[in-house]
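As numbered in our numbering, residues 107 to 685 make up the sequence shown, in order.
Glycine residues also receive a C-beta, built at the ideal position from the N, C-alpha and C atoms.
Since this is a predicted model, take the numbers as computed values, not measurements.
So the structure is just underneath, and the comments pick up after that.
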Amino acid sequence: MVKLQFFFLLLLMLTLPFLLYTIINLKFCTLILSILILVIEILMIISLLVKIRKREIDNEPSMIHNDSINDNNKLENYLVNSIKKYQINKEISEYLNELKQPDNFENYNELIEYYQSIEIDKVNDKLTGFTFKQLLILVELIGIILGDGHITFNRKKSEYLCEIAFNSLEMDYVYYVNDLIKYVFDIKPKLEVRKKDNTTLLRIFKKEIIQFLLDLGLKAGNKVRNQVEIPFWIKKRPPIEKNKKKWELFYKYVKSACLRGLLDTDGSIYLSWHKKKNYLTIGMNFTNASQPLVEDFKVLCDSLGIGLSKISKYVSIKNNKRFIAYSVSTEAKRKIYNLIFEIIKPYKWVIKQPIIEEKLTEIGLSIRDILVYERPRRDYNRERALYLKLLFEKLGNYNSVREYLINKGEAPIKKETISKFIKEYLQQQGKDYETWIRLNSNIRLDEKVVGGLRMPLEVKLILSKHIFNVLLENCLEVDNDTIIEYTCFFIKNSDLDRLHYLLENNSTKDLILDFLKVTIYLLKYIIDNKFKRHSPTIVRKELEMEYNIKLPYHDSHIKKLVSKLFDKKKNFNTFSKEG
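Here you go:
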């Protein structure tokens, strides 16, 4: 090609003297012919130069030369030279400076083999010369294109296009993406506004940039049909064990940038009101018709400590067309705070935050009120532990205590924290936590059960044993009111704190007293008929007929009660001697 170019230049030089000669001799026909030849030669040279330049661009290397791929030393130097151009924070830059030292090449072979195994050297070659800031912006643009972009690459028709569609109501975000493209590619994309469908487009027509994006792992054509996914080199860090933490920090920034682009395009941040539990929260949702893309989004979020819900599948309708869509979401306060303020920091949140803040102000709230992002310290405090213990005795279980505190406007507290506080308090009082929790949990009001009070068998046996002992000590010559008085005193001085609370409460006191009366009737009947082997069903029927009551004991409970009180003949013998 160079020889042909030289030939035409030589021909041009030979033609010029001939042209001058014809001008001097004033031969008109010869002059016209010479000028035509000269113009044709100039056009051919220009056309040749354009073709040469175009072919140089088309054949511009998009990967490392083949001879260098098989040469470990050259590849090592290439990778180190590429990495040292990233301008990043002090912690990472110190580590990258270490990689420049020849002594570390042996420890770097693992990374080299990894890049060779996934054939990602083409990507690294393309990224050579990028600063770290440019790399992050490029990765964010990749996320944006995966969300709302489209790539066309057709050599036959010479169609090269990267197009990103936006809602015309979000022009702030359009200008933001426009600036990102300018910063990375140093070009100004074409902006087009479609008033009919309220859409704004940013378009890039440069072939070299389109080829560059394809080399980085993006796909041309229909994204749903191709089931696009996040490029491998973004979502999977090299498995390097040395300086693992620093590499994880490096890839944390890269993954966050990609998630930012995806969340700004196919994600949404919204206010959610829960009517049943009567509270307001901020939620996040990401939806796309490509299942691998949604799976990658979830995996990257999980790797950054932002756990999301399981992927849900549903039928979506858009432009009168039905298609399968996939979605993940979260409304967990701490996760939302990490997502929008600390890790991903989506740009659309910057736009929406003033609007959300204004709406919350109208109802007397703020984002701080909704997102409890400053986790309160949970240091042990004796007064706080006593308060939680009393709440448990009042409400009967940990979940009720948590809901009660949240409704009071306190920060959410874990069940483990409540139990930890109560356990430490009981230990200071010389009590066993396991026994206490066993006796005080599962005692609750329940209209479905007989007597309106649900009580575990262990508590029933403790109360029955106490009443039985009172009857034996007084040889049955004691009235019911006295037995109840003794039993109430016993409850107050035992570990039955939940029962004590219900006994002190006017609204539930009668339920406890009725239960004690029925238990006294049952025990007296058992003692009077100690030599008769009545079945629990007969016991129940006779008591219900005689006293017009309903026993809050199952048949199995009555059997257990009889076996516990009368299996050992010691009680019988004591009662017989005294009777």
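If you count every other CB in all the chains shown that lies within 10 Å of the CB of GLU314, and 16 or more means buried, which is it? Your numbering for residue 314 matches position 208 in the sequence shown. Classification for GLU314: exposed.
I believe PHE429 touches VAL330 by the beta-carbon criterion, under 8 Å. Please report the beta-carbon distance rounded to the nearest angstrom. Start at 1 with the first residue of the sequence shown, and residue 429 comes out as number 323. Start at 1 with the first residue of the sequence shown, and residue 330 comes out as number 224. So it is a contact: roughly 7 Å between Cβ atoms.
Nearest candidate by alpha-carbon position, reference GLY249, set ASP370, ARG309, ASP285, ILE310: The residue labelled residue 249 in the question sits at position 143 within the sequence shown. Taking only the C-alpha atoms, the option nearest GLY249 is ASP370.
Are there 16 or more other CB atoms within 10 angstroms of the CB of TYR504, so buried, or fewer, so exposed? Against the sequence shown, residue 504 aligns to sequence position 398. TYR504 is buried by the Cβ-count criterion.
Skipping 5 residues on each side, what residues in its chain have a beta carbon closer than 6 Å to that of LEU582? One-based indexing of the sequence shown puts residue 582 at position 476. Nothing meets the Cβ criterion.
Are the beta-carbon atoms belonging to ASP96 and ILE457 less than 8 Å from one another? Residue coverage of the chain in this structure runs from 107 to 685, which leaves residue 96 outside it and unanswerable.
Taking only three categories from DSSP, how would you classify LYS312? Translated into the one-based positions of the sequence shown, residue 312 becomes position 206. In this structure, LYS312 counts as coil in the three-state DSSP scheme.
Throw me the rounded Cβ distance for the LEU410 and SER362 pair, which I believe falls under 8 Å. As a working note, residue 410 is residue 304 in the sequence shown. As a working note, residue 362 is residue 256 in the sequence shown. Contact flag correct, Cβ pair sits at about 7 Å.
Report, in whole angstroms, the separation of the C-beta atoms of TYR432 and VAL400, which I expect to be a contact under 8 Å. If you number the sequence shown from 1, residue 432 lands on position 326. If you number the sequence shown from 1, residue 400 lands on position 294. The Cβ separation is near 4 Å, so the contact holds.
Classify PHE272: buried if its beta carbon has 16 or more other beta carbons within 10 angstroms, exposed otherwise. For the purposes of this step, residue 272 is taken as residue 166 along the sequence shown, with counting starting at 1. With 16 or more other Cβ atoms within 10 Å, it is buried.
Please tell me whether GLN333 and SER418 are closer than 8 Å, where the distance is taken between their beta carbons. Along the sequence shown, read from residue 1 onward, the residue named residue 333 stands at position 227. Along the sequence shown, read from residue 1 onward, the residue named residue 418 stands at position 312. No, these two residues do not count as a Cβ contact at 8 Å.
Which listed residue (GLY389, LYS615, ASN426) has its alpha carbon closest to that of ILE412: Indexing the sequence shown from 1 puts residue 412 at position 306. Ranking the options by Cα distance to ILE412, first place goes to GLY389.
Helix, strand or coil for GLU437 per DSSP? Counted from its first residue, the sequence shown places residue 437 at position 331. GLU437 falls in the coil class under three-state DSSP.
Is it buried or exposed for MET265, if we count other Cβ within 10 angstroms and need 16 for buried? Translated into the one-based positions of the sequence shown, residue 265 becomes position 159. Checking the sequence, you will find Glu at residue 265 rather than Met. Exposed is the call here.
Considering only residues of the stretch 518 to 595, which uninterrupted alpha helix (DSSP H) runs meet the minimum length of 4 residues and lie entirely inside it, listed in chain order? Those alpha helix (DSSP H) runs which fall completely within the stretch 518 to 595 and span 4+ residues are 521 to 534, 539 to 546, 563 to 579.
Taking Cβ positions, are LEU609 and LEU628 nearer each other than 8 Å? Residue 609 sits at position 503 when you count from the first residue of the sequence shown. Residue 628 sits at position 522 when you count from the first residue of the sequence shown. Not a contact, by the Cβ cut-off of 8 Å.
On the DSSP bridge assignment, give the partners of SER418 in chain order. Residue mapping note: residue 418 aligns to position 312 of the sequence shown, counting from 1. Bridge partners of SER418: SER433.
Can you tell me whether DSSP reads ARG261 as helix, strand or coil? Start at 1 with the first residue of the sequence shown, and residue 261 comes out as number 155. If DSSP states are grouped into helix, strand and coil, ARG261 belongs with coil.
If ILE462 and ILE473 are in contact, beta carbons under 8 Å, what's the gap, nearest whole angstrom? Here the question's residue 462 lines up with position 356 in the sequence shown. Here the question's residue 473 lines up with position 367 in the sequence shown. 7 Å between Cβ atoms; contact.
Using three-state DSSP, classify VAL334 as helix, strand or coil. If you number the sequence shown from 1, residue 334 lands on position 228. Coil, per DSSP.
Rounding to the nearest angstrom, what Cα-Cα distance links ILE450 and LYS598 in this structure? The residue labelled residue 450 in the question sits at position 344 within the sequence shown. The residue labelled residue 598 in the question sits at position 492 within the sequence shown. Each residue's alpha carbon lies about 55 Å from the other.
Where the beta strand (DSSP E) through LEU496 begins and ends: Numbered from 1 along the sequence shown, position 390 holds the residue referred to as residue 496. LEU496 -> not in any beta strand (DSSP E); alpha helix (DSSP H) instead, spanning 488 to 501.
Take ILE632 and list the residues in its own chain whose beta-carbon comes closer than 7 Å to its own, dropping the five residues that flank it on each side. In the sequence shown, the residue the question calls residue 632 occupies position 526. Only VAL668 meet the Cβ criterion.
According to DSSP, is ILE293 helix, strand or coil? Within the sequence shown, residue 293 is the residue found at index 187, counting from 1. Coil at ILE293, not helix or strand.
Does DSSP classify SER613 as helix, strand or coil? Position 507 of the sequence shown holds residue 613. Residue state, collapsed to three classes: helix.
Under the rule that 16 or more other beta-carbon atoms within 10 Å means buried, what is ILE589, buried or exposed? Residue mapping note: residue 589 aligns to position 483 of the sequence shown, counting from 1. ILE589 comes out buried.
Counting along the chain, where does the beta strand (DSSP E) carrying LEU377 start and finish? Along the sequence shown, read from residue 1 onward, the residue named residue 377 stands at position 271. From DSSP, the beta strand (DSSP E) with LEU377 extends over 373 to 380.
May I have the straight-line CA-CA distance separating SER509 from VAL576, to the nearest angstrom? Within the sequence shown, numbered from 1, the residue matching residue 509 stands at position 403. Within the sequence shown, numbered from 1, the residue matching residue 576 stands at position 470. The sequence as given places Glu at residue 509; Ser does not occur at that position. Each residue's CA atom was taken as its position, placing GLU509 and VAL576 some 41 Å apart.
Where does ALA395 fall in DSSP's three states? Taking the first residue of the sequence shown as position 1, residue 395 is located at position 289. Here ALA395 sits in coil by DSSP.
Whole-Å CB distance - SER422 paired with VAL434, under 8 Å assumed: Translated into the one-based positions of the sequence shown, residue 422 becomes position 316. Translated into the one-based positions of the sequence shown, residue 434 becomes position 328. Actually they are not in contact, since the Cβ atoms of SER422 and VAL434 sit about 15 Å apart, beyond 8 Å.
Where do the ends of the alpha helix (DSSP H) carrying ASN599 lie? Numbered from 1 along the sequence shown, position 493 holds the residue referred to as residue 599. Counting along the chain, ASN599 sits inside no alpha helix (DSSP H), nor does DSSP assign it H or E at all.
In this structure, what does DSSP give as the bridge partners for VAL456? As a position in the sequence shown, residue 456 is number 350, starting the count at 1. According to DSSP, which records beta bridges pairwise, VAL456 is partnered with nothing at all.
Report the rounded CA-to-CA distance for HIS256 versus ALA326, giving the unit in angstroms. Along the sequence shown, one-based indexing puts residue 256 at 150. Along the sequence shown, one-based indexing puts residue 326 at 220. Approximately 7 Å, taken between the alpha carbons.
Proximity to LYS529 [Cα-Cα], best of GLY558, THR523, PHE621, TYR539: Sequence index remark: in the sequence shown, residue 529 carries index 423 (1-based). Ranking GLY558, THR523, PHE621, TYR539 by Cα distance to LYS529 puts TYR539 first.
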